[in-house]
(Lines of atoms letter the chains of each structure in order from A; the text may use other names.)
(Lines give C-alpha, C1' and ligand atoms only; values in the text may rest on other atoms or scores of the structure.)
Protein backbone atom coordinates (compact mmCIF):
# COMPACT_ATOMS: atom_id res chain seq x y z
CA UNK A 119 0.00 0.00 0.00
CA UNK A 120 3.03 2.25 -0.01
CA UNK A 121 2.53 4.03 -3.33
CA UNK A 122 -1.09 5.09 -3.51
CA UNK A 123 -2.93 8.39 -3.88
CA UNK A 124 -4.18 8.00 -0.33
CA UNK A 125 -0.69 7.60 1.10
CA UNK A 126 0.58 10.58 -0.90
CA UNK A 127 -2.16 12.82 0.49
CA UNK A 128 -1.87 11.60 4.08
CA UNK A 129 1.91 11.95 3.98
CA UNK A 130 1.42 15.65 3.19
CA UNK A 131 -0.76 16.16 6.28
CA UNK A 132 0.57 17.71 9.46
CA UNK A 133 0.00 15.83 12.74
CA UNK A 134 -2.81 18.30 13.52
CA UNK A 135 -4.44 17.62 10.15
CA UNK A 136 -4.18 13.86 10.71
CA UNK A 137 -6.20 14.25 13.93
CA UNK A 138 -8.66 16.71 12.42
CA UNK A 139 -9.24 14.51 9.38
CA UNK A 140 -10.35 11.68 11.68
CA UNK A 141 -13.20 13.91 12.92
CA UNK A 142 -13.98 14.79 9.32
CA UNK A 143 -14.22 11.10 8.37
CA UNK A 144 -16.42 10.38 11.40
CA UNK A 145 -18.84 13.22 10.64
CA UNK A 146 -22.32 11.95 9.63
CA UNK A 147 -22.47 14.81 7.13
CA UNK A 148 -19.74 13.07 5.12
CA UNK A 149 -20.75 9.49 5.94
CA UNK A 150 -20.22 6.71 3.44
CA UNK A 151 -21.80 3.27 3.20
CA UNK A 152 -18.55 1.61 4.24
CA UNK A 153 -16.86 1.88 7.64
CA UNK A 154 -14.16 4.33 6.63
CA UNK A 155 -13.66 5.52 10.20
CA UNK A 156 -12.21 2.17 11.32
CA UNK A 157 -10.21 1.90 8.10
CA UNK A 158 -8.69 5.34 8.63
CA UNK A 159 -7.82 4.60 12.27
CA UNK A 160 -5.73 1.67 11.07
CA UNK A 161 -4.08 3.62 8.25
CA UNK A 162 -3.10 6.54 10.50
CA UNK A 163 -1.20 4.16 12.81
CA UNK A 164 1.50 4.08 10.14
CA UNK A 165 1.74 7.89 9.80
CA UNK A 166 4.25 9.32 8.98
CA UNK A 167 6.30 6.18 8.26
CA UNK A 168 4.31 4.71 5.39
CA UNK A 169 7.45 2.83 4.35
CA UNK A 170 7.01 0.56 7.34
CA UNK A 171 7.38 -3.07 6.11
CA UNK A 172 4.26 -3.97 8.10
CA UNK A 173 2.17 -1.54 6.07
CA UNK A 174 0.76 -4.12 3.65
CA UNK A 175 -2.68 -4.96 2.33
CA UNK A 176 -2.71 -8.18 4.31
CA UNK A 177 -1.76 -6.57 7.64
CA UNK A 178 -4.33 -3.80 7.19
CA UNK A 179 -7.06 -6.26 6.17
CA UNK A 180 -6.46 -8.54 9.16
CA UNK A 181 -6.66 -5.56 11.55
CA UNK A 182 -9.83 -4.28 9.90
CA UNK A 183 -11.56 -7.67 9.57
CA UNK A 184 -9.98 -9.93 12.23
CA UNK A 185 -12.62 -12.64 11.85
CA UNK A 186 -12.51 -12.86 8.07
CA UNK A 187 -10.17 -14.91 5.92
CA UNK A 188 -7.68 -12.98 3.80
CA UNK A 189 -7.99 -13.58 0.06
CA UNK A 190 -5.33 -11.70 -1.85
CA UNK A 191 -7.45 -10.81 -4.89
CA UNK A 192 -10.77 -10.04 -3.18
CA UNK A 193 -9.31 -8.52 -0.02
CA UNK A 194 -6.91 -6.20 -1.81
CA UNK A 195 -9.65 -5.13 -4.21
CA UNK A 196 -11.90 -4.25 -1.25
CA UNK A 197 -9.13 -2.18 0.36
CA UNK A 198 -8.49 -0.39 -2.94
CA UNK A 199 -12.17 0.56 -3.14
CA UNK A 200 -12.11 1.80 0.45
CA UNK A 201 -8.89 3.71 -0.25
CA UNK A 202 -10.51 5.39 -3.26
CA UNK A 203 -13.46 6.46 -1.09
CA UNK A 204 -11.09 7.77 1.58
CA UNK A 205 -9.17 9.69 -1.10
CA UNK A 206 -12.41 11.45 -2.07
CA UNK A 207 -12.97 12.36 1.58
CA UNK A 208 -9.38 13.60 1.88
CA UNK A 209 -9.87 15.78 -1.20
CA UNK A 210 -13.09 17.18 0.28
CA UNK A 211 -11.20 17.86 3.50
CA UNK A 212 -8.52 19.80 1.58
CA UNK A 213 -11.23 21.86 -0.13
CA UNK A 214 -12.85 22.51 3.23
CA UNK A 215 -9.62 23.59 4.96
CA UNK A 216 -8.58 25.80 2.04
CA UNK A 217 -12.00 27.44 1.99
CA UNK A 218 -11.94 27.94 5.76
CA UNK A 219 -8.55 29.67 5.56
CA UNK A 220 -9.73 32.12 2.89
CA UNK A 221 -11.95 34.18 5.17
CA UNK A 222 -12.73 36.82 2.57
CA UNK A 223 -13.85 34.29 -0.02
CA UNK A 224 -16.26 32.53 2.32
CA UNK A 225 -17.69 35.90 3.38
CA UNK A 226 -18.15 36.89 -0.25
CA UNK A 227 -20.14 33.72 -0.91
CA UNK A 228 -22.20 34.25 2.24
CA UNK A 229 -22.90 37.89 1.29
CA UNK A 230 -24.00 36.75 -2.16
CA UNK A 231 -26.36 34.23 -0.55
CA UNK A 232 -27.82 36.98 1.64
CA UNK A 233 -28.49 39.08 -1.48
CA UNK A 234 -30.16 36.18 -3.30
CA UNK A 235 -32.36 35.50 -0.24
CA UNK A 236 -33.15 39.19 0.39
CA UNK A 237 -31.62 39.00 3.86
CA UNK A 238 -30.70 42.68 3.95
CA UNK A 239 -30.07 42.97 7.68
CA UNK A 240 -27.81 39.95 7.62
CA UNK A 241 -25.94 41.41 4.67
CA UNK A 242 -25.47 44.82 6.31
CA UNK A 243 -24.23 43.29 9.56
CA UNK A 244 -21.74 40.93 7.90
CA UNK A 245 -20.44 43.58 5.50
CA UNK A 246 -20.05 46.09 8.33
CA UNK A 247 -18.16 43.56 10.47
CA UNK A 248 -15.96 42.62 7.51
CA UNK A 249 -15.02 46.25 6.85
CA UNK A 250 -14.02 46.63 10.51
CA UNK A 251 -11.67 43.65 10.15
CA UNK A 252 -10.52 44.29 6.57
CA UNK A 253 -6.93 45.29 7.40
CA UNK A 254 -6.44 42.04 9.32
CA UNK A 255 -8.18 39.93 6.69
CA UNK A 256 -5.98 41.33 3.92
CA UNK A 257 -2.86 39.97 5.63
CA UNK A 258 -4.09 36.41 5.04
CA UNK A 259 -4.31 36.90 1.27
CA UNK A 260 -1.74 36.28 -1.40
CA UNK A 261 -1.42 38.74 -4.27
CA UNK A 262 -3.44 36.38 -6.47
CA UNK A 263 -6.41 36.77 -4.12
CA UNK A 264 -7.00 40.43 -4.97
CA UNK A 265 -9.93 39.14 -6.97
CA UNK A 266 -11.55 38.14 -3.65
CA UNK A 267 -11.31 41.75 -2.48
CA UNK A 268 -12.80 42.87 -5.79
CA UNK A 269 -15.72 40.48 -5.29
CA UNK A 270 -16.15 41.65 -1.70
CA UNK A 271 -16.58 45.30 -2.61
CA UNK A 272 -18.70 44.43 -5.63
CA UNK A 273 -21.11 42.61 -3.32
CA UNK A 274 -21.74 45.98 -1.70
CA UNK A 275 -22.15 47.60 -5.12
CA UNK A 276 -24.55 44.85 -6.20
CA UNK A 277 -26.61 45.11 -3.02
CA UNK A 278 -26.85 48.92 -3.17
CA UNK A 279 -27.75 48.82 -6.86
CA UNK A 280 -30.58 46.36 -6.19
CA UNK A 281 -32.00 48.82 -3.66
CA UNK A 282 -31.33 51.92 -5.78
CA UNK A 283 -28.93 53.28 -3.15
CA UNK A 284 -25.66 55.05 -3.95
CA UNK A 285 -22.75 52.69 -3.46
CA UNK A 286 -19.45 53.28 -1.70
CA UNK A 287 -17.47 50.27 -2.87
CA UNK A 288 -17.09 51.03 -6.56
CA UNK A 289 -13.67 52.66 -6.32
CA UNK A 290 -12.32 49.89 -4.05
CA UNK A 291 -13.67 47.25 -6.42
CA UNK A 292 -11.86 48.89 -9.32
CA UNK A 293 -8.63 49.18 -7.34
CA UNK A 294 -8.50 45.46 -6.54
CA UNK A 295 -9.61 44.41 -9.99
CA UNK A 296 -6.70 46.40 -11.43
CA UNK A 297 -4.32 45.00 -8.81
CA UNK A 298 -5.41 41.48 -9.71
CA UNK A 299 -4.87 42.13 -13.41
CA UNK A 300 -1.47 43.78 -12.87
CA UNK A 301 -0.22 40.92 -10.67
CA UNK A 302 -1.46 38.12 -12.94
CA UNK A 303 -0.31 39.82 -16.15
CA UNK A 304 3.17 40.49 -14.77
CA UNK A 305 3.36 36.88 -13.62
CA UNK A 306 2.41 35.53 -17.06
CA UNK A 307 5.01 37.74 -18.73
CA UNK A 308 7.67 36.67 -16.21
CA UNK A 309 6.90 32.97 -16.72
CA UNK A 310 7.15 33.40 -20.48
CA UNK A 311 10.55 35.05 -20.10
CA UNK A 312 11.84 32.37 -17.71
CA UNK A 313 10.63 29.62 -20.02
CA UNK A 314 12.51 31.18 -22.90
CA UNK A 315 15.66 31.88 -20.88
CA UNK A 316 15.94 28.57 -19.02
CA UNK A 317 14.51 26.03 -21.47
CA UNK A 318 14.57 27.76 -24.86
CA UNK A 319 10.79 27.33 -25.15
CA UNK A 320 9.49 29.94 -27.55
CA UNK A 321 5.85 29.93 -28.64
CA UNK A 322 3.49 32.62 -29.84
CA UNK A 323 1.19 32.45 -26.83
CA UNK A 324 1.95 35.79 -25.17
CA UNK A 325 -1.62 37.12 -25.38
CA UNK A 326 -1.22 39.20 -22.23
CA UNK A 327 1.99 40.78 -23.49
CA UNK A 328 0.49 41.71 -26.86
CA UNK A 329 -2.70 42.97 -25.21
CA UNK A 330 -0.83 45.15 -22.71
CA UNK A 331 1.52 46.61 -25.30
CA UNK A 332 -1.44 47.82 -27.33
CA UNK A 333 -2.05 50.50 -24.66
CA UNK A 334 -0.02 53.63 -23.96
CA UNK A 335 0.74 53.21 -20.26
CA UNK A 336 2.65 56.50 -20.23
CA UNK A 337 -0.71 58.28 -20.24
CA UNK A 338 -1.89 56.31 -17.21
CA UNK A 339 1.17 56.96 -15.03
CA UNK A 340 0.54 60.69 -14.36
CA UNK A 341 -3.18 59.99 -13.85
CA UNK A 342 -2.40 57.31 -11.27
CA UNK A 343 0.24 59.38 -9.48
CA UNK A 344 -2.13 62.37 -9.16
CA UNK A 345 -5.26 60.37 -8.33
CA UNK A 346 -6.91 61.47 -5.09
CA UNK A 347 -9.79 60.14 -3.02
CA UNK A 348 -8.18 56.73 -2.46
CA UNK A 349 -7.16 55.30 0.90
CA UNK A 350 -3.35 55.65 1.22
CA UNK A 351 -2.73 51.94 1.78
CA UNK A 352 -4.88 51.04 -1.22
CA UNK A 353 -3.13 53.71 -3.29
CA UNK A 354 0.30 52.35 -2.32
CA UNK A 355 -0.67 48.80 -3.28
CA UNK A 356 -2.17 49.95 -6.58
CA UNK A 357 0.96 51.99 -7.38
CA UNK A 358 3.25 49.09 -6.46
CA UNK A 359 1.58 46.49 -8.66
CA UNK A 360 1.10 48.91 -11.52
CA UNK A 361 4.84 49.64 -11.53
CA UNK A 362 5.51 45.89 -11.40
CA UNK A 363 3.28 45.38 -14.43
CA UNK A 364 4.71 48.37 -16.32
CA UNK A 365 8.28 47.21 -15.69
CA UNK A 366 7.47 43.70 -16.93
CA UNK A 367 6.56 45.31 -20.27
CA UNK A 368 9.71 47.45 -20.44
CA UNK A 369 12.48 45.99 -18.30
CA UNK A 370 15.02 48.49 -19.59
CA UNK A 371 13.04 51.40 -18.16
CA UNK A 372 15.16 52.57 -15.23
CA UNK A 373 12.63 55.23 -14.17
CA UNK A 374 9.89 52.63 -13.71
CA UNK A 375 12.29 50.31 -11.87
CA UNK A 376 13.29 53.08 -9.45
CA UNK A 377 9.62 53.92 -8.80
CA UNK A 378 8.87 50.25 -8.19
CA UNK A 379 11.83 49.87 -5.83
CA UNK A 380 11.01 53.04 -3.87
CA UNK A 381 7.34 52.12 -3.52
CA UNK A 382 8.27 48.57 -2.50
CA UNK A 383 10.56 49.64 0.33
CA UNK A 384 7.97 52.22 1.41
CA UNK A 385 5.16 49.72 1.86
CA UNK A 386 6.74 46.24 1.99
CA UNK A 387 5.65 45.80 5.62
CA UNK A 388 2.08 45.63 4.30
CA UNK A 389 2.95 42.62 2.13
CA UNK A 390 3.12 38.94 2.89
CA UNK A 391 6.54 37.40 2.51
CA UNK A 392 5.60 35.68 -0.76
CA UNK A 393 4.54 39.08 -2.16
CA UNK A 394 7.90 40.51 -1.16
CA UNK A 395 9.85 37.72 -2.84
CA UNK A 396 8.11 38.35 -6.17
CA UNK A 397 9.07 42.05 -6.06
CA UNK A 398 12.56 41.30 -4.79
CA UNK A 399 13.07 39.03 -7.80
CA UNK A 400 12.20 41.84 -10.20
CA UNK A 401 14.62 44.27 -8.55
CA UNK A 402 17.20 41.48 -8.51
CA UNK A 403 16.90 40.87 -12.24
CA UNK A 404 17.74 44.51 -12.93
CA UNK A 405 20.85 44.61 -10.73
CA UNK A 406 21.92 41.18 -11.96
CA UNK A 407 21.62 42.38 -15.56
CA UNK A 408 24.16 45.11 -14.86
CA UNK A 409 26.31 43.00 -12.50
CA UNK A 410 25.89 45.32 -9.53
CA UNK A 411 27.09 42.75 -7.01
CA UNK A 412 27.13 45.17 -4.06
CA UNK A 413 23.49 46.12 -4.48
CA UNK A 414 22.64 42.47 -5.06
CA UNK A 415 24.40 41.63 -1.81
CA UNK A 416 22.28 44.19 0.06
CA UNK A 417 19.14 42.86 -1.61
CA UNK A 418 19.94 39.23 -0.70
CA UNK A 419 20.59 40.19 2.91
CA UNK A 420 17.27 42.06 2.98
CA UNK A 421 15.55 38.91 1.73
CA UNK A 422 17.21 36.76 4.40
CA UNK A 423 16.34 39.35 7.06
CA UNK A 424 12.70 39.29 5.98
CA UNK A 425 12.71 35.50 6.00
CA UNK A 426 14.07 35.52 9.55
CA UNK A 427 11.45 37.98 10.79
CA UNK A 428 8.50 36.46 8.96
CA UNK A 429 5.87 34.95 11.22
CA UNK A 430 4.39 33.02 8.30
CA UNK A 431 5.12 29.35 7.83
CA UNK A 432 8.46 29.14 6.11
CA UNK A 433 8.07 27.88 2.60
CA UNK A 434 10.85 25.97 0.89
CA UNK A 435 13.64 28.11 -0.49
CA UNK A 436 13.83 27.89 -4.25
CA UNK A 437 16.93 26.33 -5.78
CA UNK A 438 17.37 29.45 -7.93
CA UNK A 439 17.42 31.83 -4.96
CA UNK A 440 19.76 29.58 -2.97
CA UNK A 441 22.21 29.47 -5.89
CA UNK A 442 22.11 33.23 -6.45
CA UNK A 443 22.72 34.12 -2.80
CA UNK A 444 25.51 31.56 -2.50
CA UNK A 445 27.33 32.74 -5.64
CA UNK A 446 27.07 36.37 -4.52
CA UNK A 447 28.65 35.62 -1.14
CA UNK A 448 31.37 33.61 -2.87
CA UNK A 449 32.14 36.34 -5.41
CA UNK A 450 32.52 38.92 -2.63
CA UNK A 451 34.58 36.46 -0.56
CA UNK A 452 32.06 36.63 2.28
CA UNK A 453 32.89 33.06 3.20
CA UNK A 454 31.60 33.12 6.78
CA UNK A 455 28.28 34.46 5.54
CA UNK A 456 28.23 31.78 2.83
CA UNK A 457 28.82 28.96 5.32
CA UNK A 458 26.26 30.38 7.77
CA UNK A 459 23.73 30.71 4.95
CA UNK A 460 24.32 27.12 3.83
CA UNK A 461 23.96 25.76 7.36
CA UNK A 462 20.69 27.60 7.92
CA UNK A 463 18.95 27.23 4.58
CA UNK A 464 20.15 24.05 2.83
CA UNK A 465 17.53 21.95 4.60
CA UNK A 466 14.78 24.27 3.32
CA UNK A 467 15.62 23.79 -0.38
CA UNK A 468 12.72 22.29 -2.34
CA UNK A 469 14.76 19.30 -3.50
CA UNK A 470 15.36 15.85 -2.06
CA UNK A 471 19.03 16.07 -3.09
CA UNK A 472 19.96 18.97 -0.85
CA UNK A 473 23.40 17.54 -0.18
CA UNK A 474 24.39 18.38 -3.74
CA UNK A 475 23.76 22.06 -3.09
CA UNK A 476 25.67 21.90 0.19
CA UNK A 477 28.66 20.18 -1.42
CA UNK A 478 28.56 22.70 -4.26
CA UNK A 479 28.78 25.46 -1.67
CA UNK A 480 31.69 23.77 0.09
CA UNK A 481 33.48 23.39 -3.26
CA UNK A 482 33.07 27.13 -3.88
CA UNK A 483 34.32 28.05 -0.40
CA UNK A 484 37.43 25.88 -0.80
CA UNK A 485 38.03 27.45 -4.22
CA UNK A 486 38.13 30.89 -2.62
CA UNK A 487 40.50 29.54 0.04
CA UNK A 488 42.77 28.25 -2.75
CA UNK A 489 42.26 24.68 -1.53
CA UNK A 490 41.75 23.40 -5.06
CA UNK A 491 42.16 19.70 -4.33
CA UNK A 492 39.65 19.88 -1.49
CA UNK A 493 37.29 21.83 -3.72
CA UNK A 494 37.53 19.13 -6.38
CA UNK A 495 36.64 16.46 -3.81
CA UNK A 496 33.47 18.28 -2.81
CA UNK A 497 32.57 19.00 -6.43
CA UNK A 498 32.75 15.31 -7.30
CA UNK A 499 29.86 14.75 -4.84
CA UNK A 500 27.54 17.16 -6.68
CA UNK A 501 24.81 15.73 -8.92
CA UNK A 502 23.43 17.51 -12.00
CA UNK A 503 19.95 17.98 -10.54
CA UNK A 504 19.17 21.56 -11.51
CA UNK A 505 19.38 23.30 -14.87
CA UNK A 506 21.78 26.05 -13.77
CA UNK A 507 24.04 23.58 -11.98
CA UNK A 508 24.66 21.94 -15.35
CA UNK A 509 26.63 25.04 -16.28
CA UNK A 510 28.02 26.01 -12.85
CA UNK A 511 29.56 22.60 -12.28
CA UNK A 512 31.27 22.56 -15.67
CA UNK A 513 32.64 26.06 -15.08
CA UNK A 514 33.93 25.11 -11.65
CA UNK A 515 35.59 21.94 -12.96
CA UNK A 516 37.33 24.01 -15.65
CA UNK A 517 38.53 26.49 -13.04
CA UNK A 518 39.90 23.75 -10.79
CA UNK A 519 41.61 21.99 -13.71
CA UNK A 520 43.20 25.34 -14.55
CA UNK A 521 44.45 25.91 -11.01
CA UNK A 522 45.67 22.31 -10.58
CA UNK A 523 47.46 22.27 -13.97
CA UNK A 524 45.22 19.47 -15.25
CA UNK A 525 45.59 20.67 -18.83
CA UNK A 526 44.48 17.48 -20.57
CA UNK A 527 41.35 17.29 -18.42
CA UNK A 528 40.61 20.94 -19.13
CA UNK A 529 40.79 20.52 -22.91
CA UNK A 530 38.73 17.34 -22.75
CA UNK A 531 35.97 19.06 -20.77
CA UNK A 532 36.09 22.10 -23.06
CA UNK A 533 35.51 19.85 -26.04
CA UNK A 534 32.55 18.01 -24.49
CA UNK A 535 31.07 21.23 -23.09
CA UNK A 536 31.17 23.01 -26.44
CA UNK A 537 29.57 19.98 -28.08
CA UNK A 538 26.81 20.03 -25.43
CA UNK A 539 26.10 23.73 -26.06
CA UNK A 540 25.99 23.20 -29.81
CA UNK A 541 23.83 20.08 -29.95
CA UNK A 542 21.44 20.44 -27.01
CA UNK A 543 18.23 22.09 -28.27
CA UNK A 544 16.98 22.73 -24.73
CA UNK A 545 19.75 25.24 -24.06
CA UNK A 546 18.36 28.77 -24.33
CA UNK A 547 20.21 31.31 -26.44
CA UNK A 548 21.04 33.43 -23.41
CA UNK A 549 22.48 30.53 -21.42
CA UNK A 550 24.35 29.33 -24.50
CA UNK A 551 25.84 32.77 -25.14
CA UNK A 552 26.81 33.32 -21.50
CA UNK A 553 28.47 29.91 -21.33
CA UNK A 554 30.34 30.54 -24.56
CA UNK A 555 31.62 33.83 -23.16
CA UNK A 556 33.12 32.00 -20.21
CA UNK A 557 34.62 29.34 -22.47
CA UNK A 558 36.06 31.93 -24.86
CA UNK A 559 37.88 33.88 -22.15
CA UNK A 560 38.87 30.71 -20.33
CA UNK A 561 40.57 29.34 -23.45
CA UNK A 562 42.44 32.62 -23.95
CA UNK A 563 43.70 32.61 -20.37
CA UNK A 564 44.64 28.94 -20.58
CA UNK A 565 46.69 29.74 -23.67
CA UNK A 566 48.40 32.63 -21.85
CA UNK A 567 49.21 30.37 -18.92
CA UNK A 568 50.68 27.61 -21.07
CA UNK A 569 52.68 29.95 -23.34
CA UNK A 570 53.50 32.42 -20.54
CA UNK A 571 52.68 35.33 -22.89
CA UNK A 572 51.36 37.49 -20.07
CA UNK A 573 51.44 40.63 -22.18
CA UNK A 574 48.35 39.38 -24.03
CA UNK A 575 46.13 39.86 -20.98
CA UNK A 576 45.69 43.61 -21.54
CA UNK A 577 43.60 43.03 -24.65
CA UNK A 578 41.65 40.28 -22.89
CA UNK A 579 40.99 42.61 -19.96
CA UNK A 580 39.63 45.39 -22.19
CA UNK A 581 37.32 42.95 -23.91
CA UNK A 582 35.98 41.27 -20.77
CA UNK A 583 35.31 44.61 -19.08
CA UNK A 584 32.79 45.38 -21.82
CA UNK A 585 30.84 42.20 -21.15
CA UNK A 586 27.75 42.08 -18.97
CA UNK A 587 27.67 39.60 -16.16
CA UNK A 588 27.96 35.85 -16.64
CA UNK A 589 28.76 33.07 -14.21
CA UNK A 590 32.26 33.05 -12.75
CA UNK A 591 33.33 36.23 -14.53
CA UNK A 592 34.87 37.24 -11.19
CA UNK A 593 37.39 34.37 -11.41
CA UNK A 594 38.41 35.37 -14.94
CA UNK A 595 38.99 39.00 -13.95
CA UNK A 596 40.95 37.97 -10.86
CA UNK A 597 43.10 35.64 -12.97
CA UNK A 598 43.78 38.46 -15.45
CA UNK A 599 44.90 40.66 -12.54
CA UNK A 600 47.30 37.99 -11.28
CA UNK A 601 48.75 37.51 -14.79
CA UNK A 602 49.31 41.25 -15.16
CA UNK A 603 51.56 41.17 -12.11
CA UNK A 604 53.71 38.49 -13.81
CA UNK A 605 54.61 40.63 -16.81
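In the numbering used here, the protein residues as written are 119 to 605.
All residues carry an ideal CB built from backbone N, CA and C; glycine is no exception.
Note that the structure is a prediction, hence the values are computed from the model and not measured.
Beta-carbon separation (whole angstroms), residue i vs residue j, contact threshold 8 Å
i: residue 467; j: residue 459; result: 12 Å between Cβ atoms; not a contact.
i: residue 511; j: residue 450; result: About 21 Å separates the two Cβ atoms, so there is no contact after all.
i: residue 225; j: residue 212; result: Not quite, the Cβ-Cβ distance comes to about 20 Å (not below 8 Å), so this is no contact.
i: residue 421; j: residue 398; result: 5 Å
i: residue 308; j: residue 366; result: 6 Å
i: residue 355; j: residue 297; result: 6 Å
i: residue 357; j: residue 375; result: Going by Cβ atoms, the distance from residue 357 to residue 375 rounds to 14 Å, so no, they are not a contact pair.
i: residue 200; j: residue 230; result: Not quite, the Cβ-Cβ distance comes to about 37 Å (not below 8 Å), so this is no contact.
i: residue 437; j: residue 382; result: Contact flag wrong, Cβ pair sits at about 24 Å.
i: residue 335; j: residue 304; result: Not quite, the Cβ-Cβ distance comes to about 12 Å (not below 8 Å), so this is no contact.
i: residue 652; j: residue 502; result: Outside the displayed range of the chain (119 to 605) lies residue 652, so it cannot be described from this structure.
i: residue 160; j: residue 196; result: Contact doesn't hold; Cβ gap of about 13 Å is too wide.
i: residue 205; j: residue 124; result: 5 Å
i: residue 478; j: residue 500; result: 5 Å
i: residue 409; j: residue 586; result: 6 Å
Local conformation of residue i per DSSP, three classes
i: residue 437; result: helix
i: residue 348; result: coil
i: residue 136; result: helix
i: residue 431; result: Confidence at residue 431 is low in this model, with a pLDDT of 49, below 50, so the placement of that residue is unreliable and no value is reported for it.
i: residue 401; result: helix
i: residue 503; result: coil
i: residue 450; result: coil
i: residue 551; result: helix
i: residue 387; result: helix
i: residue 239; result: helix
i: residue 587; result: coil
i: residue 300; result: helix
i: residue 546; result: coil
i: residue 603; result: coil
i: residue 145; result: coil
i: residue 332; result: coil
i: residue 380; result: helix
i: residue 292; result: helix
i: residue 410; result: coil
i: residue 89; result: It is not possible to answer for residue 89, since the shown part of the chain is limited to 119 through 605.
i: residue 211; result: helix
i: residue 121; result: coil
i: residue 176; result: helix
i: residue 571; result: coil
i: residue 560; result: helix
i: residue 183; result: coil
i: residue 420; result: helix
i: residue 217; result: helix
i: residue 164; result: coil
i: residue 232; result: helix
i: residue 274; result: helix
Beta bridge counterpart(s) of residue i as assigned by DSSP
i: residue 222; result: DSSP, once it has assigned bridges, lists no residue as partnering residue 222.
Residue nearest to residue i in terms of C-alpha spacing, selected from the options
i: residue 601; options: 572, 577, 409; result: 572
i: residue 130; options: 472, 374, 166; result: 166
i: residue 155; options: 207, 135, 532, 177; result: 207
i: residue 558; options: 594, 163, 177; result: 594
i: residue 310; options: 325, 541, 577; result: 325
i: residue 299; options: 362, 336, 472, 347; result: 362
i: residue 353; options: 543, 569, 140, 293; result: 293
i: residue 588; options: 144, 457, 555, 486; result: 555
i: residue 529; options: 564, 238, 543; result: 564
i: residue 441; options: 424, 472, 413; result: 472
i: residue 345; options: 391, 378, 524, 289; result: 289
i: residue 414; options: 384, 448, 434, 435; result: 448
i: residue 210; options: 140, 188, 193, 603; result: 140
i: residue 579; options: 569, 562, 568; result: 562
i: residue 497; options: 481, 508, 443; result: 481
i: residue 544; options: 235, 506, 439, 517; result: 506
i: residue 574; options: 590, 552, 597; result: 597
i: residue 537; options: 461, 405, 550; result: 550
Cβ-heavy atom distance, residue i to the ligand COA, below 7 Å
i: residue 146; result: The ligand COA is not part of the structure shown, which contains no ligands of any sort.
key: Segments of 4+ residues assigned as alpha helix (DSSP H) that fall wholly inside the segment 454 to 537   = 472 to 486, 490 to 497, 505 to 521
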